[in-house]
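Structure first, commentary second.
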Amino acid sequence: MARYIFVTGGVVSSLGKGLSSASLAYLLKSQGFKVRVRKMDPYLNVDPGTMSPFQHGEVFVTDDGAETDLDLGHYERFTNISAKQSDNITAGRIYSDIIKKERKGNYLGKTVQVIPHVTDRIKEFIKCDIKKEDFVICEVGGTVGDIESLPFLEAIRQFSNDIGKNKTLFIHLTLVPFMKSSDEIKTKPTQHSVKELRSIGIQPDIVICRSQQSIPIEQRKKISLFCNVPIENVIETVDVRTIYEAPISFYNEKLDKQVLKYFKLKPKKKVNLLPWKKITNIVLRTKKEVNIAIIGKYVNLKDAYKSLDEALIHGGINNNIKVNLLRLESDNLKSNEITNKLKKVSGILIPGGFGKRGTEGKIAAIKYARNKKIPFLGICFGMQMAIIEYARNVLKIQKAGSSELDKNCFPVIGLIHEWNKDGKLIKGTNKDLGGTMRLGLYEAKLKHNSLIKNIYKTNSINERHRHRYELNNNLKDQFEKKGLIFSGMSPDNKLPEIIELKNHPWFIGVQFHPEFKSRPLSPHPLFSSFIKAANFY
Ligand code: GLN
0 MARYIFVTGG
10 VVSSLGKGLS
20 SASLAYLLKS
30 QGFKVRVRKM
40 DPYLNVDPGT
50 MSPFQHGEVF
60 VTDDGAETDL
70 DLGHYERFTN
80 ISAKQSDNIT
90 AGRIYSDIIK
100 KERKGNYLGK
110 TVQVIPHVTD
120 RIKEFIKCDI
130 KKEDFVICEV
140 GGTVGDIESL
150 PFLEAIRQFS
160 NDIGKNKTLF
170 IHLTLVPFMK
180 SSDEIKTKPT
190 QHSVKELRSI
200 GIQPDIVICR
210 SQQSIPIEQR
220 KKISLFCNVP
230 IENVIETVDV
240 RTIYEAPISF
250 YNEKLDKQVL
260 KYFKLKPKKK
270 VNLLPWKKIT
280 NIVLRTKKEV
290 NIAIIGKYVN
300 LKDAYKSLDE
310 ALIHGGINNN
320 IKVNLLRLES
330 DNLKSNEITN
340 KLKKVSGILI
350 PGGFGKRGTE
360 GKIAAIKYAR
370 NKKIPFLGIC
380 FGMQMAIIEY
390 ARNVLKIQKA
400 GSSELDKNCF
410 PVIGLIHEWN
420 KDGKLIKGTN
430 KDLGGTMRLG
440 LYEAKLKHNS
450 LIKNIYKTNS
460 INERHRHRYE
470 LNNNLKDQFE
480 KKGLIFSGMS
490 PDNKLPEIIE
500 LKNHPWFIGV
510 QFHPEFKSRP
520 LSPHPLFSSF
530 IKAANFY
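Using numbering that gives the first Met the number 0, you'd call the opening residue of the sequence shown number 0 and step up by one each time.
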């Protein structure tokens, strides 16, 4: 039977619960255990799909088409296990399921309440779709003390009672700040946070203390005493130089050892930290560098393009090159400043996006990349913008645009009418925005003798999608005549998936999001090739 590890956070948000869960998952997996990592988000959106990246960072997409929290990206990248729809739930989805059931009369006249109905549904989520896993690591979003988190904390408290203390473990992650004025490390916020958790009936078994510097034994003892946790279960996590160091750092702090000890388990094999050591070494020591510009709308928010930033760094790891990311806000990018702003970059990337703001800046940057033969990668919206740029400046369709952005344009890009999913036809819509895009894995057939085929070295690929608009297929011939190559198509030949240019060393647009499948231990070929090309430029 699976053992369940619950990870909560206290004091402040953004402590790195996701990264801690992912690192622990790696350490356990590497010692021969089957692991699953999932996340419960307390907000009322049914999924993060309709949220702006400014609110919540990137929306991560799974193979099976779930729009999820970006922490699932961390889990995948560290464990190399693909996440599923069943690995992320929000309070919004729980309430929406319950209200649907209530309207059907399924509660047989009962009053529907947070306890037991909401908590039961949360417990159902925790256990669902678990087969032979040894460990299920379940992260609770938010911070202890938030009103929204309460039903989740109550549910995990009950869960531990239901299946037994020896099958559940609570990890609480807190901040241990350093006060410059008194030159002291302060444990009080941790004490208060654990007190809050205990007041709702949860006694943490392990406390992970995030700190800027190592926590002296005296303070550890204090945390142990006040938080009622054995001293060896007070684990410190000092800021790492690169996230790839996190599994090594948690191993050195014996997090996995304490977890196994708690469950009275022995490792099935020796942990392998070599890949992380190798990667850390490359990231920290490589002298060769390449500058890549990411031109988008959400560049001021660090997590808005999380998987993309990661995938580019992975591409660098594969080529032994340090990738410097230059984030440029497309809104402020005027065509007359482009040469100046982009003169030091060797690769230009336009990421996914929605809405009109900043599109002209993106189009101007694409024109520059095309004319100057700078390696260019357009992802989803980025590919759509590249098609519009080509239509305007090469096909001379002055009013070329996308119906997503401008009702009066010549719609080179328009709403997808329908697509095929597992033999079923799905109708496109832009009326309801939640969960109605073409989402998840779809196949693309690659053209012979194309750059893309040379990169993937296969005839067909499966990549993750998240879009609602596509190239107007009637214009395909016109584009082809003018040197745009459709080097990847959906198997029914209806949806262009990849474009490239005849007279350009490396110009690729993809309708999917390759960044979601790139992992540090197996970098994505498209990003490796892009960085390689940028290095040659
Ligand atoms: N807004 C575009 C569409 O819906 C692109 C989406 C994206 O980049 N993920 O098709």
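All residues carry an ideal CB built from backbone N, CA and C; glycine is no exception.
For the pair Ala24 and Ile136, the Cα-to-Cα distance works out to about 7 Å. Note that the C-beta distance between Glu469 and Leu494 is below 7 Å. Within the region 305 to 383, the complete alpha helix (DSSP H) segments at least 4 residues long are 305 to 318, 337 to 341, 358 to 371, listed from N- to C-terminus. Exclusion of Tyr250 from the 6 Å shell around the ligand GLN follows from its C-beta lying no nearer than that to any non-hydrogen atom of the ligand. Beyond the five residues adjoining it in sequence on each side, Ile199 comes within less than 6 Å, by CB distance, of Leu152 in the same chain, given in chain order.
The beta carbon of Arg391 is closer than 7 Å to those of Gln397, Ala399 in its chain, skipping five residues each way along the sequence. Around the Cβ of Gly354, a 10 Å sphere holds fewer than 16 other Cβ atoms; the residue is exposed. For Asp70, the enclosing alpha helix (DSSP H) has its first and last residue at 70 to 78. Annotation: Gly144 to Met436 spans about 35 Å, alpha carbon to alpha carbon. Judged by DSSP secondary structure, Trp275 falls within the alpha helix (DSSP H) whose first and last residues are 273 to 284. CA-to-CA, the gap between Val258 and Ala310 works out to about 31 Å. Annotation for His55 indicates a beta carbon at 6 Å or more from all heavy atoms of the ligand GLN. Within the same chain, Cβ atoms closer than 6 Å to the Cβ of Asp128 are found at Ser85, the five residues on either side in sequence being excluded. Straight through space, the alpha carbons of Glu403 and Pro115 are spaced by roughly 44 Å. Selection Val393, Phe380, Val239 evaluated against Arg369 yields Val393 as nearest (Cα-Cα). Here Tyr441 carries a strand assignment [DSSP, helix/strand/coil]. In terms of CA proximity to Phe375, Ile365 leads the group Ser334, Ile365, Gly434. The alpha-carbon separation between Asn165 and Lys267 amounts to approximately 19 Å.
Using a 10 angstroms sphere on the CB of Ile230, the tally of other CB atoms stays under 16, which defines it as exposed.
When the Cα atoms are used, Asn251 and Arg284 turn out to be separated by approximately 21 Å. For the options Thr49, Gly48, Ile80, the alpha carbon positioned closest to that of Arg35 is the one of Ile80. Scanning the region 119 to 192 for uninterrupted alpha helix (DSSP H) segments of 4 residues or longer gives 149 to 162, listed from N- to C-terminal end.
Under the three-state reduction of DSSP, Val111 is assigned to coil, being neither helix nor strand. In this structure, Ala21 sits near Phe77, with a CB-CB distance shorter than 7 Å. If you draw a straight line from the Cα of Ile214 to the Cα of Lys361, it comes to about 47 Å. Sorting Val322, Tyr367, Arg37 by C-alpha distance to the C-alpha of Thr338 places Tyr367 at the top. Pairing Glu388 with Cys379, the inter-Cα distance amounts to about 14 Å. Taking a cut-off of 8 Å for Cβ pairs, the region 271 to 278 and the region 178 to 196 do not touch, as fewer than three such pairs fall below it. If you look at Glu244, you'll find it isn't in any beta strand (DSSP E); DSSP assigns it neither H nor E. For Arg102, the three-state secondary structure derived from DSSP is helix.
Distance between Leu327 and Asp182, taken at the CA atoms: about 39 Å. Pairing Ile88 with Phe134 gives a Cβ-Cβ distance that is not under 7 Å. Boundaries of the alpha helix (DSSP H) around Lys531: 524 to 535. The beta carbons of Val139 and Phe5 sit about 6 Å from each other, so the pair counts as a contact at 8 Å.
Secondary structure of Leu23 (DSSP, three-state): helix. Cβ-Cβ separation between Ser486 and Leu445: approximately 6 Å, consistent with a contact (criterion under 8 Å).
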